[in-house]
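> Going by this note's numbering, the residue at position 74 of the sequence shown is 77; the numbering climbs one at a time, nothing skipped. No residue lacks a Cβ here, since even glycine has one placed at the ideal position from N, Cα and C.
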Amino acid sequence: MNTKLLDMSLTGVTVVSVTVVIAYFGLLHDTGLFTVLPEPVTGFFLQNRFLQWVALVVLIGALVGRTVIGRFAEQHRRQRTRS
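#1: Would you check if there are 3 or more beta carbon pairs closer than 8 Å linking the region 52-59 to the region 20-40?
#2: How should Leu62 be labelled, buried or exposed, when 16 other C-beta atoms within 10 angstroms of its C-beta is the threshold for buried?
#3: Go through the region 15-74 residue by residue and report every complete run of the alpha helix (DSSP H) that reaches 4 residues or more, in order.
#4: Going by alpha carbons, who is nearest to Lys18 out of Gly64, Gln78, His79, Gly73?
#5: Cβ atoms of Leu13 and Val80: under 9 Å apart, would you say?
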């Protein structure tokens, strides 16, 4: 298993999820990404507000996954240096 590739993938998922969560939060306060982008771009997200919760759950999952992968990689690194 390539932990670096998995870690990079989880980093990408984290960035996208954070962007969506912050955009929805900014929409509540009439600022941010969804207020400056044109309607054709944001229309999908504005029609499907449940995506903010999906993005939040994915964000939490990605952060937990990165923690687990980090611990696994550190443990694997320690085992290689011992032998």
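Quick answer:
#1: yes
#2: Within the sequence shown, residue 62 is the residue found at index 59, counting from 1. The residue is buried, with at least 16 neighbouring Cβ atoms inside 10 Å.
#3: 36-39, 42-50
#4: Counted from its first residue, the sequence shown places residue 18 at position 15. Note that residue 18 corresponds to Val in the displayed sequence, not to Lys. Comparing alpha-carbon positions, the option among Gly64, Gln78, His79, Gly73 lying closest to Val18 turns out to be Gly64.
#5: Counting from one through the sequence shown, the residue named residue 80 turns up at place 77. Counting from one through the sequence shown, the residue named residue 13 turns up at place 10. Before going on, a small fix: residue 80 reads as Arg here, not Val. The answer is no: Cβ separation not under 9 Å.
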